[in-house]
Amino acid sequence: MSGTTTYPRIRRGTMAADRFTQIANDLFRDARLSFKAKGIFGLLASHRDGYGITPNRLAEQSTDGLDSVKTGLRELEACGYLYRSQGRRPDGTLGPVEYFITDTPEPLQPSSAPVVENPSPAPTSRDGQNRRSRPVVDYPLAAGPPAADPTPKNTKNKNTKTKNTNPTRPRPGRPRDGGPFRGGEVGDDSRETGAHPQAPETTAGQNLLWEASDRIPQLTLTGAALRRLGPKADELLCRGWSRSRLLTVLTADTEDLSHPRGALAWRIEDLLATPVPPAEDSPPPAPQRPADRGVHRECPGDDGLCGRPLTVGEALCRACATADRAR
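For the sequence shown, counting from 1, position 168 maps to 168 in the UniProt record's numbering; every step adds exactly one.
Have a look at this one:
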């Protein structure tokens, strides 16, 4: 006989324990972890030692993205359930990353004891470990009798309104007896009590811009545009421009404009650089010569290839008119 003894060996077949994973209850009850981090730990614990894993492979096995998986791994590391290390090979290059996981990390020493909403009862000699959660009463009894007049709970909703970038035109009410304007509806006493802060009263220039926007359907007057153009419209009114004339100039020929808000701003700037016209009841000025009028359209002469600018009242430019007479 040879000196080496051969013993029978055991080979494992399919075992029921290979199809489930045991994880301590403390991990799932850890309030510091999100449900995402707890699920990632369960997936890592379902594999044997030496199984290759990366954040990309974890993301491929779930509906979460790569960034979400990395966030869950960082949560596990911060709470001590996961430790990742990467060594170096003999040639100095970085080796593979090792994921060391445990469901019983070393307890941390917090600066103050955490407040537990539903504390578990102390273990007894018969039940040394609380393997199952004890039933918790939904509404535990108070330590003392309830107060006769408890402080009411603040049920006022939090103001979650965002900044209104497209405000609607205010519809101010008019007081019946000529009193001061309150900013609410006529006869609304609730607005006069001061329960809510009064909205700032609109100026004459802002009202002019609102009326101009009503005449231009495709114009959307934002709050920023109203704050920027309102003082300029007030200045035009102070200089002597009448309200009707300003509305005529600002809203004329706006049907085919692609950017009516920009056109409105340009026209206001042009009016600020223009001398104040005479009053409407003064005699009309002498008619201007065609050369003094603004450019109206392009010359259609030379079979539509001329393109020279024309003034109001001219059908052809001088060159095309001379060539037309010479024919």
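Ideal Cβ placement from N, Cα and C applies to all residues, glycine included.
Please confirm whether residue i and residue j have their CB atoms less than 8 Å apart.
{"i": "K38", "j": "D64", "result": "no"}
{"i": "Q206", "j": "L226", "result": "yes"}
{"i": "P46", "j": "T71", "result": "A quick correction: the sequence has Ser, not Pro, at residue 46. No, these two residues do not count as a Cβ contact at 8 Å."}
{"i": "G80", "j": "P55", "result": "no"}
{"i": "E75", "j": "S85", "result": "no"}
{"i": "I101", "j": "V69", "result": "no"}
{"i": "T254", "j": "A263", "result": "yes"}
What is the rounded straight-line gap between the Cα of residue i and the Cα of residue j?
{"i": "G230", "j": "D270", "result": "15 Å"}
{"i": "E60", "j": "R12", "result": "30 Å"}
{"i": "S244", "j": "G301", "result": "38 Å"}
{"i": "I268", "j": "S258", "result": "18 Å"}
{"i": "R327", "j": "G223", "result": "60 Å"}
{"i": "G304", "j": "L316", "result": "11 Å"}
{"i": "A323", "j": "A252", "result": "36 Å"}
{"i": "T87", "j": "A31", "result": "For clarity, residue 87 is Gly in the given sequence; the question names Thr instead. If I take the Cα positions, the gap works out to 32 Å."}
{"i": "T14", "j": "D91", "result": "41 Å"}
{"i": "D18", "j": "P8", "result": "24 Å"}
Going by DSSP, which residues form a beta bridge with residue i?
{"i": "I101", "result": "L82"}
{"i": "R215", "result": "Answer by DSSP bridge pairing: none, since R215 is not bridged."}
{"i": "E298", "result": "P309"}
{"i": "L257", "result": "None; L257 has no bridge partner."}
{"i": "R88", "result": "L94"}
Pick from the options: whose alpha carbon is nearest that of residue i?
{"i": "I23", "options": "G42, S34 and A16", "result": "G42"}
{"i": "N25", "options": "D103, T93 and Q86", "result": "D103"}
{"i": "V239", "options": "R261, T274 and W210", "result": "Going by the sequence as given, residue 239 is Arg instead of Val. That would be T274, whose Cα lies nearest to the Cα of R239."}
{"i": "A204", "options": "L236, A224 and E77", "result": "L236"}
{"i": "L247", "options": "T254, L208, R261 and L94", "result": "L208"}
{"i": "S62", "options": "Y51, L44 and A319", "result": "L44"}
{"i": "P260", "options": "I53, L221 and L73", "result": "L221"}
If you count every other CB in all the chains shown that lies within 10 Å of the CB of residue i, and 16 or more means buried, which is it?
{"i": "Y83", "result": "exposed"}
{"i": "R325", "result": "exposed"}
{"i": "S34", "result": "exposed"}
{"i": "P96", "result": "exposed"}
{"i": "W241", "result": "buried"}
{"i": "A233", "result": "buried"}
{"i": "R215", "result": "exposed"}
{"i": "A78", "result": "exposed"}
{"i": "A212", "result": "buried"}
{"i": "L94", "result": "exposed"}
{"i": "P309", "result": "exposed"}
{"i": "L272", "result": "exposed"}
{"i": "L66", "result": "exposed"}
{"i": "H196", "result": "Because H196 carries a pLDDT of 48, less than 50, the predicted location of this residue cannot be relied on, and no value is offered for it."}
Can a CB atom of chain D be found closer than 8 Å to the CB of residue i?
{"i": "R228", "result": "Considering every chain present, this structure includes no chain D. It has just one protein chain."}
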